[in-house]
Every structure is written in C-alpha cells, then in structure tokens.
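Q: Before I ask anything, here is the structure I am working with.
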Amino acid sequence: DAGVTQSPTHLIKTRGQQVTLRCSPISGHKSVSWYQQVLGQGPQFIFQYYEKEERGRGNFPDRFSARQFPNYSSELNVNALLLGDSALYLCASSRGAWTGSYEQYFGPGTRLTVT
Amino acid sequence: TQLLEQSPQFLSIQEGENLTVYCNSSSVFSSLQWYRQEPGEGPVLLVTVVTGGEVKKLKRLTFQFGDARKDSSLHITAAQTGDTGLYLCAGERDSNYQLIWGAGTKLIIKP
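Written as structure tokens, this is what we have:
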C-alpha cells in the first residue's frame, strides 16, 4: 500500500508570494494533520482535519489555511510568505482524530525555502 | 517556550554502548509518543505510552512513562549504527487534538 504522499518535494518562493502544498493520506485514513518543522527543532502543529472538518488549529497566523477534500486529501495554503516560513512542512494521516489512540503516518515533507 | 524539553540535544557514542535520552515537562499528558526521524524523511512512530509508570520494550529500546505522566525516557542497549537519527518525543493533552513536540535528540552511533 502507498504511504502518505506530499507534493511538491521542494519549493522556492519569494517573500510576499503564496504557496499551496498538497497531501494524499493512506487509503482508509480520514484524518490529516499538518506540521511545520524548522531546521533544528521539532515539528509544530498547524492544523488537523477529520472527515473534512477542522478539528484543531495550532498557534499560527491567519496567513495559514487548509482544507480537506471528499477523498480525504488535503491542501495547506500559506499567503504573504515571510522568510521565517522557510521550513519542512509535514503531513500526517491517521484513521481517527485522537493521536494518542491512532498511529500517525508521516509523509516525507515539502521543503519550502522563502528568499 | 518548549513545553517538552528533550535532553541531551546531541549525543555521539560508540557502537555497543548504552544510552538514555529524556523528555521532560511540567505539564501532564494523556499519552506520549516517541518517534525517530532520518534526514529527508518524516518521523516514524516507535511507541505510544499512555499509563503512568508504563514501560514498553521494542527490541533493544526501552521506553518509560513517568508516574505523573509528565516525563519519559528512552534507553537504548548496545547501540548500533542503524540507531542513528533524530529522536523526538510528542505529548498529547486531553484538551485538544494537538501533539506537542520536543526539539529532539540528535543521536550518532559511531562504528
């Protein structure tokens, strides 16, 4: 079975631009979570979606938004990019919403560089 | 402010040695997870602990959840070069669906 897939793998954008990152969960998984991992730090939670509804939001500005589609894939959008948005963006899928009860499987991430 | 403090931040030891890494917090977690992440990849779940005092073993890796569910440790016996990686702990709190992550321990096992 295919694992979590993310696209693109790498992306270079300029300050002020907008970016859309995509994630396809493992077949049968209804929950998708997004994380930002800055170099040298652990992941920071951005959003969780379950059954196409937002179930959790981390401490990120409104420039960050996401949505989940009927096929459970997801997009993360970031507007008005700042240099500090440069990071590895990770997507994780799981069968259910509670991360303590359902194992999360991570994709390889999208490396975003903002210049 | 990091709610989960991991120590040490970096550890480099010889193959065959034992080691322990720690994950500490002043907050109580309903569950705590340990992950290993290799360069260019996402984290991979190693274990989830949910009960205070719980000990879980995964081959040469032993995980312990503190009695008060505020801290955890990972002990590796007879480390191998394949154990090299970034070890992350992440805790879930009852109030929401968020996982709170530590900054990680970068482990290098030298042959």
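For the record, the sequence lines run as chains A and B. When we follow this note's numbering, the leftmost residue of the first sequence carries the number 5, and every step to the right adds one. When we follow this note's numbering, the leftmost residue of the second sequence carries the number 1394, and every step to the right adds one. Virtual Cβ for every residue (Gly too), placed ideally from N, Cα, C. Remember, predicted model here, so these are calculated numbers, not experimental data.
(1) Would L1481(B) and G1459(B) be called neighbours here (beta carbons separated by less than 8 Å)?
(2) L87(A) by DSSP, collapsed to three states: which one?
(3) Looking at C-alpha atoms only, which residue of R1462(B), Q1491(B), L1454(B) and I1502(B) is the closest neighbour of R61(A)?
(4) Just to confirm my understanding: we take L80(A), look at its own chain, exclude 5 residues before and 5 after, and list those with CB closer than 6 Å. What are they?
(5) Between E1410(B) and L85(A), what straight-line distance do the alpha-carbon atoms span, to the nearest angstrom?
(6) Use the C-beta contact count for S97(A): other C-beta atoms within 10 angstroms, 16 or more gives buried, fewer gives exposed.
(7) Any beta-carbon of chain A closer than 8 Å to the one on Q1457(B)?
(8) Considering only their Cβ atoms, is the gap separating S1420(B) from V1442(B) smaller than 8 Å?
(9) Does chain B have any CB closer than 8 Å to the CB of G100(A)?
(10) Please work out which residues of its chain come closer than 6 Å, Cβ to Cβ, to H1468(B), disregarding the five sequence neighbours upstream and downstream, and give them in chain order.
(11) Could you tell me the distance, in whole angstroms, from the CA atom of S11(A) to the CA atom of C27(A)?
(12) Counting contacts by CB-CB distance shorter than 8 Å, is G111(A) in contact with chain B?
A: Let me lay it out:
(1) Taking 8 Å as the Cβ cut-off, L1481(B) and G1459(B) do not qualify as a contacting pair.
(2) Assignment of L87(A) by DSSP, reduced to helix, strand and coil, places it in the helix class.
(3) It is Q1491(B).
(4) Its chain contains L25, W38 and A70 as the residues whose beta carbon lies nearer than 6 Å to that of L80(A), once the 5 sequence neighbours on both sides are disregarded; these appear in chain order.
(5) Looking at the two C-alpha atoms, the distance is approximately 45 Å.
(6) It is buried - the Cβ of S97(A) has at least 16 other Cβ atoms within 10 Å.
(7) False, the Cβ-Cβ gap to chain A never drops below 8 Å.
(8) No; because the gap between Cβ atoms is not below 8 Å, this pair is not in contact.
(9) At a cut-off of 8 Å, the C-beta of G100(A) has no neighbouring C-beta in chain B.
(10) Excluding residues within five positions, the ones whose Cβ falls inside 6 Å are T1413 and T1455.
(11) C-alpha separation (whole angstroms): 7 Å.
(12) With 8 Å as the cut-off, G111(A) counts as an interface residue toward chain B.
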